[in-house]
Every structure is written in C-alpha cells, then in structure tokens.
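Here's the structure, in structure tokens; my notes come after.
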Amino acid sequence: MKNILITGGAGFIGSHLVRLMVNKYPEYRIVNLDKLTYAGNLANLKDVENKPNYVFVKADICDFERIREIFSDYQIDGVIHLAAESHVDRSIRDPFSFAQTNVMGTLSLLQAAKLAWDGNFDDKLFYHVSTDEVYGSLQSDGGFFLETTKYDPHSPYSASKASSDHFVRAFHDTYGMPVKISNCSNNYGTYQFPEKLIPLFINNIRHNKPLPVYGKGENVRDWLFVEDHARAIDLIFHKGKVGDTYNIGGFNEWKNIDLIKVMIKVTDRLLGRPEGSSEKLITYVTDRAGHDLRYAIDSTKLHKELGWEPSLQFEEGIEKTVKWYLDNQDWLDNVTSGEYMNYYKEMYNQ
Ligand code: NAD
Ligand code: TYD
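Residues 31 to 380 (my numbering) make up the sequence shown, in order.
See below:
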C-alpha cells in the first residue's frame, strides 16, 4: 500500500495522525484532504509541510466529483477518514451541517473509493475514525462500552457519526469493501480547537474569564492523550482485522468538575498564581440539552489483540497539554481571532 488519503488532516486528531504517518512511513505518500473549515488549521502541520511524502489538497468530502478526481490523481490505496463536524454544541444549533458532512460526506468517500477500486479490493482499505458517543450514555456506576454495545446516539453529532458507521459497515457487507472502524473516547492534547472543554478552559483561566460548567459538572468523560489515539489508529490500520471494530480509551474517567479543578491547579501553578486561586472563575451555567451523563470505554480488545496501551499517565498528559497552550499563546490567539484562516492563502498562494 503506497498512497494513503487522510481526510480531516488539518484538524486536531488528523494533524497528529498526519505527522505520525509522514514521519514514520517515508515510503508512503500521505495525501491530506481537508476543506479547512473553522476547525482546520494548516499551521498545525508546519513541521511536515515540506516533506516529500506529504501532499495537501483542499477539498470538501461532499464534493463527489472532486473526490473521484483525487482518488484517480493520487491512485489512492487506503483511506483513513477523520473529516467531520465534531463539536456537540454546534450540532445542537445546526444539525443539518452535521448530517451533510458526517453522513453524506462519508457516503461520498465510500462511493468514490468503491468506483475507484472497481471491485478489486486487494491491498485496499477504508478506515473510519469514529467516536464512543455512538453508544449513548452510561449510568454513573453502569459498566463500560464494548465493541458489541448497541448503538444509542442522543446528540445530532453522535447520530450523524452512528449513521456514518452504519454506511461504512454497509459497504463492507454489501460490496465486500475492506473496512475498519474505531470508536474512541474524548481526546485531549495540543492543537485542539478552543471550543472543546480542555483548551477553552486553559485559555479562559489564562485570561481570567469565566469557566462555564454545564449543569452541576457531574458528567463523566474518559480522556485519552491524542498522540495515543494516533498510535492506535496506525496500529489498527496496519494490523487490525478487516471488517472489525476497535474501541479506544484509556480507562481514565473524570467527572467534569474534578477535571476542571485539576486543570485550574496546574494552570495556576504554571502561571505563577497561588494554586487553586482561579477556582473563583467557575461559573455553573444551564446544562447542555440532552447531555450524556457518562462515557467509558473498554479497550481490552485492542490491548489483547494488538498490544496497544496508552503511553502517558493522565497527570503527565495534562501537565504537558497545559504547558503547550501557555507556551503557544500565539497559536491560541491566531485561532481565536480567525487569523489562522490566512495561512492557506500565504502557504499556497491562492
Ligand atoms: P476537528 O473538528 O478538530 O477536525 C475536523 C477536520 O475535518 C477539520 O480540519 C475540518 O476542516 C475538516 N472537515 C470538516 N468538514 C469537512 C469537509 N466537508 N470536507 C473536508 N474536510 C472537512 O475534529 P477532531 O476532534 O480532530 O476529530 C476528528 C475525527 O475524530 C472526527 O471524525 C471525530 O468524530 C472523531 N473523534 C473525535 C474525538 C475527540 O475527542 N475530538 C474522539 C473520538 C472520535
Ligand atoms: P466537549 O469537550 O465538548 O466534548 P464532548 O461533549 O464531545 O464530550 O465537552 C466535554 C465535557 O465538558 C462535556 O460533558 C460537556 C462539558 N463542557 C462544559 O461543562 N462546559 C463547556 O464550556 C464545554 C465546551 C464542555
């Protein structure tokens, strides 16, 4: 396999995966396809943009004819599909764009791959990167999501991801397309758009702005360092069983309010403030509509079958993450001001 199409490679997880693949596999050509929505930022990839095995293509996954051209131009053998609308709060305000990108966009890629590969699936693979949110919500003491857990999505975001997972399996079952799916828990780390909990709160603490905690802050999420997710995707892409699903998670559950207090402690310390002094910024606000209570992944299958395990303890990961955002205030300022949108124009002169 030589030509790998990574969609959504300018986003948070995608940029970590592109960096890993470009550096680890000089024999592959990595084609990063991204529409550069508000969430896509090519500045995330400055360190690999001049590598000979890296190509960036600006395109919309919903543009079927353009996607067909890209499959043909680059003779794509494998797809790792991450492009999506990814923020639950946005999906509550604008469900249509989630159905459009996540469902229709995935279908457009699947159909383009099917036509390009024309029934000859030797050494071909379509890998869909999905979320644990498709499984719905667990009780506070109610076990873990397994690969066999019934789908029960609640938000427009998770409904759209569940639907795209179903389409991927349908292409496997109907046309024999080799596919793989992974469902991962909440990621944290560098280059995450500051609308998601962790970078938003670090930025707000720095600027002494309120920290909007939804409801009572009792919802539980299972947090995984983004580079560990990228390593898991690489492993599953190369070694996972075709047709299979793998859950990815770090057995690292945190109640939101407890996690927020840890972030405050670390951020205060790194800013030279008395530890915990920013707790005064905590502001309880109206709960998110349909807010899932708890997500928790059982990733035993990935551990047992492929030997994957997270490399970082949470304490180390959160320290590294807070430090990065504080040291890279320019990145945050560019993203919050919208300045980063000019990077593509400067870089590609278009
Ligand atoms: P992100 O929002 O940071 O990045 C999404 C990327 O997709 C952006 O670069 C954006 O420009 C691109 N994109 C959006 N619409 C597009 C379109 N129509 N055509 C081409 N490109 C388009 O998202 P992320 O957090 O990096 O998530 C990546 C994937 O991983 C998503 O599929 C998401 O569902 C999944 N996932 C995310 C998490 C998480 O915690 N962030 C956890 C599990 C799974
Ligand atoms: P988020 O980062 O949006 O991820 P997801 O909704 O996909 O799990 O939110 C993580 C948790 O933090 C979730 O329970 C909602 C909560 N939250 C807040 O309390 N305040 C906020 O401002 C945000 C963005 C999230």
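Ideal placement from N, C-alpha and C gives every residue a C-beta, glycine not left out.
Because the structure is a prediction, the values reported are computed rather than measured.
Cβ of residue 142 within 8 Å of Cβ of residue 156?
no
Cα-Cα separation, residue 183 to residue 302:
42 Å
Report back the beta-carbon spacing between residue 277 and residue 254 to the nearest angstrom; my notes put them in contact at under 8 Å.
That belief does not hold up - the Cβ atoms of residue 277 and residue 254 are roughly 11 Å apart, past 8 Å.
Pick from 168, 348, 269, 288: whose alpha carbon is nearest that of residue 337?
269
At what residues does the beta strand (DSSP E) containing residue 244 begin and finish?
241–244
If the criterion is Cβ atoms closer than 8 Å, does the pair residue 260 and residue 63 meet it?
no
Following the continuous beta strand (DSSP E) through residue 155, name the residue where it begins and the one where it ends.
155–161
Please look up how many angstroms separate the CB atoms of residue 355 and residue 229, rounded, as I've assumed it's under 8 Å.
6 Å
Would you say residue 181 and residue 165 are within 8 Å of each other, going by their C-beta atoms?
yes
For residue 293, which of 174, 125, 241, 331 has the nearest alpha-carbon?
241
Is residue 244 near ligand 2, going by C-beta to nearest heavy atom under 7 Å?
yes
Within 10 Å of its beta-carbon, does residue 116 have 16 or more other beta-carbons around it, so buried, or fewer, so exposed?
buried
Within the continuous alpha helix (DSSP H) that includes residue 374, where are the two ends?
372–378
Ignoring anything shorter than 4 residues, give me the alpha helix (DSSP H) runs that lie fully in the region 280–357, in order along the chain.
286–301, 330–336, 344–357
Proximity to residue 168 [Cα-Cα], best of 111, 366, 248:
Nearest of 111, 366, 248 to residue 168, Cα basis: 248.
beta-carbon residue 291 near ligand 2 non-hydrogen atom, thresh 7 Å:
no
Hey, is residue 239 close to ligand 2, as in C-beta under 7 Å from one of its heavy atoms?
no
Give me whichever residues DSSP pairs with residue 212 in a beta bridge.
159, 276
Cβ of residue 118 within 7 Å of any heavy atom in ligand 2?
yes
Can you find the residues in the same chain that come closer than 7 Å, C-beta to C-beta, to residue 265, ignoring five residues on each side of it along the sequence?
336, 338
Regarding residue 226 and ligand 2, is the C-beta to nearest heavy atom distance less than 7 Å?
yes
Here's the rule I'm using: 16 or more other beta-carbon atoms within 10 Å means buried, otherwise exposed. How should residue 126 be labelled?
exposed
Shorter than 7 Å, the distance from the beta carbon of residue 69 to the closest heavy atom of ligand 1, or not?
yes
Spell out whether any CB of chain C is found under 8 Å from the CB atom of residue 327.
You won't find chain C in this structure, because it holds only one protein chain.
Beta carbon of residue 111 nearer than 8 Å to that of residue 37
yes
How many Å lie between residue 304 and residue 297 at the Cα?
10 Å
Residue 72, enclosing alpha helix (DSSP H) - first and last residue
Element bounds for residue 72: n/a, residue is neither H nor E.
Sub-8 Å separation of residue 93 and residue 318 beta-carbons
no
At which residues does the alpha helix (DSSP H) containing residue 175 begin and terminate?
It is not in any alpha helix (DSSP H) - residue 175 carries neither H nor E in the DSSP assignment.
Reduced DSSP category for residue 60 - H, G, I as helix; E, B as strand; rest coil
strand
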